[in-house]
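Visitor:
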Amino acid sequence: MGEHADASLAERIGTGAGVLLSVLDLEKRYGPGCEACLELTGPQRSTNICPRCRSVIALRGVSFDLREGEILGIVGESGSGKSTLVQCIYFDQDVSHGEIRVNGQNGGCDVTGLPRSEKRRLRSRLMGMVYQNPMQGLRLDITSGANVAEKLLEADVFHFARIRERATGLLARTEIPAAFVDRLPRTLSGGMQQRIQIAKALANNPPLVLLDEVTSGLDVSVQARVLDLVRELQRELGMSMIVVSHDMGVIRLLADRTVVMKDGGIVEQGLTDQILEDPQHPYTQLLVHSTL
Amino acid sequence: MTLEELLPGSGGFRYNFAFLDEGAKREVRRALLKAVALPGHQVPFASPELPIARGWGTGGLQITMSLIGPNDVLKIIDQGCDGSVNAVNLRKLLVATTGVRTTFDSREATILQSRHRLPEIPLKPHQVAVLQVPLPEPLRLVEPSEIATRRMHAEGDYARMWVSLYEDVIQNGAISLTAGYPCRVNNTYIMSPSPLPRWDLPLLNGAEHLTLLGAGREKRVYAVPPCTSVQPLEFEDLPFTVESFAGMSCARCGSSGTFLDEIYDEKTGLSSRVCSDSGFCVLVREGAIQPRRPTHG
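First to last, the sequence lines map onto chains U and G. Positions in the first sequence are counted from 1; adding 22 to them yields this note's numbering. Positions in the second sequence are counted from 1; adding 17 to them yields this note's numbering.
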């Protein structure tokens, strides 16, 4: 009864789809930590290094919801914790404190405490990741097709013909010529490697795709094509996305909603247009004005 | 001073029964117990100095030495053959240090130590197969780091093993691995049954006997307990197959349903096929058992 009431409420107020991912009070610390860490770091203090114990507070009190089919932008300068945040969501890093809830998983409870094998299962079925550096997301010593196949094999798809069809189909969709499917990614250009990563991330048709600075290493014309591809695929498949970038242009092009981060904390969040047209926090104002 | 002078009954210094001291045997047995409890899981053990170079069957040798008793009947084969130089050397060492009876008939043996083959006649519950393993880690081909492969086993993270099979099919049209074909044991760990040919894997699956595998260089043992599933990795649409010897038969005993070796005659330039399992072949020729007709392959 309660769930139905909530759903109809959500429809009435026009939020559309349900929440796919909830991040609650996430904290990531590197170092021993002390009692004063949170007090002496953060956006207000303009540092994420605790002066007393020298721990790095990479994330602090980060909370947000991601709805189904939504693209959330995360923007901020280097060291603001953007990449750490998506790596925590993708289970590449363990969190120090806080919760991550994924709709329908683990009974809707926190998943950060699950065993690693469970996290891997969850990740291989529900998430795709595109890293800034293809070296991180691809294995350069196996063929492009095998890189995509790996994601399917992780999710226990063991039908060879189906794997092959999916891999070649996705690579074709991401504009990798058929002749390159059985080549090593090492021999391909940066833009192509990035598109192979996108194909790999989409292999299982995941409801959540994480994009970490996908265009940062590419030249401008290639950037535009990759961004177009991402946008098209999102419209076609309707998955949720978290797009991390330091580039306001990328955020403007892709994100429905945007979170602005600084020194590990969120300083402002809201609709992307709102953030860009009427930034409230001084740091956001600086960011918007320095790029426009 | 020769080995003979050092051996039991020669009056001088005497080696312990089965060469290894009792502490070393217990260490191997402890590892074996753990290995049997966790089918397919590789268990490290502390290994003493040995009279045979590592890589020459010392993994299997230490298992046999730690298990053998005076009443055991021993059969040692190499590539299926009782007469291979490695088998002969290991047999001589074990006989000299234990005095046990040996046999070429796999049905009589209580302990059967082997490299590369299991006997054609399935072993019985009272028999133990000891296999000498050169490369115990099936994931080594895809991951050089030992820390990483242990984590992968612990978490059942076998996608990269599958990727290597996928690439094999892409390059060769089929999975081209012959010996050491990766198998899933008890639906849990992936094991290298190295260096058994594919032919022998159906003999391991649900077998009545205990199989113990030992790697001397890596100092590890692992096991397939009786009645345990051993499933070769296969794609759903590309089923696992064993070697085919269709239309061939043994030139000596006439069997056509056995694993055949090719023998090349330099003088005549002709090649012929003979049973790899020499003990089986002899039994057929002596009339003790019927020649084999194709059952699989």
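The C-beta atom is built at its ideal place from N, Cα and C for all residues, glycine as well.
Do S100/U and H303/U have their C-beta atoms closer together than 8 angstroms?
Guide: Translated into the one-based positions of the first sequence, residue 100/U becomes position 78. Translated into the one-based positions of the first sequence, residue 303/U becomes position 281. Not in contact: S100/U and H303/U (Cβ atoms no closer than 8 angstroms).
Visitor: I'd like to check one pair, P219/G with G197/G: are the Cβ atoms closer than 8 angstroms?
Guide: For the purposes of this step, residue 197/G is taken as residue 180 along the second sequence, with counting starting at 1. For the purposes of this step, residue 219/G is taken as residue 202 along the second sequence, with counting starting at 1. Cβ distance not < 8 angstroms, so G197/G and P219/G don't count as in contact.
Visitor: Check the Cβ of E260/G against every Cβ in chain U and list those closer than 7 angstroms, keeping chain order.
Guide: On the second sequence, residue 260/G is found 243 positions in, with the first residue counted as 1. Per Cβ cutoff of 7 angstroms: no residues; E260/G is ~21 angstroms from chain U at best.
Visitor: Assuming the contact rule is C-beta atoms closer than 8 angstroms, V97/U and M270/U should be a hit. Round their C-beta distance to whole Å, please.
Guide: The residue labelled residue 97/U in the question sits at position 75 within the first sequence. The residue labelled residue 270/U in the question sits at position 248 within the first sequence. Contact holds; Cβ gap of about 7 angstroms.
Visitor: Buried or exposed, going by whether 16 or more other CB atoms sit within 10 Å of the CB of R134/G?
Guide: Position 117 of the second sequence holds residue 134/G. R134/G is buried by the Cβ-count criterion.
Visitor: Which of the three DSSP states is assigned to P249/G in this structure?
Guide: On the second sequence, residue 249/G is found 232 positions in, with the first residue counted as 1. Note: P249/G maps to strand in three-state DSSP.
Visitor: Would F180/U pass as a contact of R145/U if the rule is Cβ separation under 8 angstroms?
Guide: The residue labelled residue 180/U in the question sits at position 158 within the first sequence. The residue labelled residue 145/U in the question sits at position 123 within the first sequence. For F180/U and R145/U, no; Cβs fall outside 8 angstroms.
Visitor: Let me confirm a value: E254/U is counted as buried when at least 16 other C-beta atoms fall within 10 Å, else exposed. Which label applies?
Guide: As a first step, residue 254/U is located in the first sequence; it is residue number 232 there, counting from the start. With fewer than 16 other Cβ atoms within 10 Å, it is exposed.
Visitor: Helix, strand or coil for S85/U, going by three-state DSSP, please let me know.
Guide: On the first sequence, position 63 is the one that residue 85/U refers to. If DSSP states are grouped into helix, strand and coil, S85/U belongs with the strands.
Visitor: On the three-state DSSP scale, how would you describe K104/U?
Guide: Start at 1 with the first residue of the first sequence, and residue 104/U comes out as number 82. In this structure, K104/U counts as helix in the three-state DSSP scheme.
Visitor: What does a CB cutoff of less than 6 angstroms around G72/G pick up in its chain, not counting 5 residues either side in sequence?
Guide: The residue you call residue 72/G lines up with position 55 of the second sequence. Counting only Cβ-Cβ distances below 6 angstroms, and skipping sequence neighbours, we find R234.
Visitor: So, for V41/U: in the same chain, excluding its five sequence neighbours on each side, which residues have a beta-carbon less than 8 angstroms away from its beta-carbon?
Guide: As a working note, residue 41/U is residue 19 in the first sequence. The answer, listed in chain order, is D87, L88, R89, E90 and N125.
Visitor: What does S139/U touch in chain G if you count any residue whose Cβ is under 7 angstroms from its own?
Guide: Numbered from its first residue, the first sequence carries residue 139/U at position 117. In chain order: E172 and G173.
Visitor: Using the Cβ count rule (16 or more neighbours within 10 Å means buried), how would you classify D295/U?
Guide: One-based indexing of the first sequence puts residue 295/U at position 273. So D295/U ends up on the exposed side.
Visitor: I want to know whether the segment 75 to 85 of chain G touches the segment 37 to 44 of chain G - three or more CB-CB distances under 8 angstroms.
Guide: Taking 8 angstroms as the limit for Cβ pairs, the verdict is that the segment 37 to 44 of chain G does touch the segment 75 to 85 of chain G.
Visitor: Could you tell me whether any Cβ in chain U is nearer than 8 angstroms to the Cβ of F257/G?
Guide: Here residue 257/G refers to the residue found at position 240 of the second sequence. F257/G does not count as touching chain U.
Visitor: Name the chain U residues whose beta carbon is nearer than 7 angstroms to that of A176/G?
Guide: Here residue 176/G corresponds to residue number 159 of the second sequence, with the count starting at 1. The contacting residues are E172, L175 and E176.
Visitor: Can you name, in chain order, every residue of its own chain whose Cβ lies under 6 angstroms from the Cβ of Y153/U, other than the five neighbours on each side?
Guide: As a first step, residue 153/U must be located in the first sequence, where it is residue number 131. Excluding sequence neighbours, Y153/U sits near G159 and D234.
Visitor: Check whether the segment 162 to 180 of chain U touches the segment 237 to 253 of chain U, taking contact to mean three or more Cβ pairs, one atom from each stretch, closer than 8 angstroms.
Guide: Verdict: no, contact absent.
Visitor: By the 9 angstroms beta-carbon criterion, what residues does the segment 144 to 167 of chain U contribute toward chain G?
Guide: Hits within the stretch, in order: S146, R161, I164, T165 and G167.
Visitor: Taking the beta strand (DSSP E) that V236/U belongs to, which residues open and close that run?
Guide: Stepping through the first sequence from its first residue, residue 236/U is reached at position 214. That residue, V236/U, is in no beta strand (DSSP E); it is neither H nor E in DSSP.
Visitor: Hey, is Y183/G's beta-carbon within less than 8 angstroms of any beta-carbon in chain U?
Guide: As a position in the second sequence, residue 183/G is number 166, starting the count at 1. Chain U contact via Cβ: present.
Visitor: Could you tell me if Y281/G is buried or exposed, where buried requires 16 or more neighbouring beta carbons within 10 angstroms of its beta carbon?
Guide: Mapped onto the second sequence, residue 281/G falls at position 264. By the neighbour-count rule (16 or more Cβ atoms within 10 Å), Y281/G is not buried but exposed.
Visitor: Taking just the CA atoms, how far does G129/U sit from E25/U?
Guide: Working through the first sequence from its first residue, we reach residue 25/U at position 3. Working through the first sequence from its first residue, we reach residue 129/U at position 107. Only weak support exists for where E25/U lies, its pLDDT of 44 falling under 50; the value from the coordinates is given anyway. The straight-line gap from Cα to Cα measures roughly 14 angstroms.
Visitor: Hey, which unbroken runs of the alpha helix (DSSP H) at 4 residues or more fall wholly within the segment 174 to 218 of chain U?
Guide: Complete alpha helix (DSSP H) runs here, min 4: 182 to 195.
Visitor: Counting only beta-carbon atoms, is R205/U nearer than 8 angstroms to chain G?
Guide: For the purposes of this step, residue 205/U is identified with residue 183 of the first sequence, where counting begins at 1. R205/U does not count as touching chain G.
Visitor: For the beta strand (DSSP E) that G116/G lies in, which residues bound it at each end?
Guide: Within the second sequence, residue 116/G is the residue found at index 99, counting from 1. Note, G116/G: premise wrong, no beta strand (DSSP E); not H, not E.
Visitor: Taking DSSP's pairing of strands, which residues face C298/G in a bridge?
Guide: Along the second sequence, one-based indexing puts residue 298/G at 281. According to DSSP, which records beta bridges pairwise, C298/G is partnered with nothing at all.
Visitor: From P228/U to R237/G, what does the alpha carbon distance come to, in whole angstroms?
Guide: Taking the first sequence and counting its residues from 1, the one referred to as residue 228/U is at position 206. Taking the second sequence and counting its residues from 1, the one referred to as residue 237/G is at position 220. About 40 angstroms.
Visitor: If I follow the unbroken beta strand (DSSP E) through A232/G, where does it start and stop?
Guide: Stepping through the second sequence from its first residue, residue 232/G is reached at position 215. Looking at the DSSP string, the run of the beta strand (DSSP E) that includes A232/G is L227 to A232.
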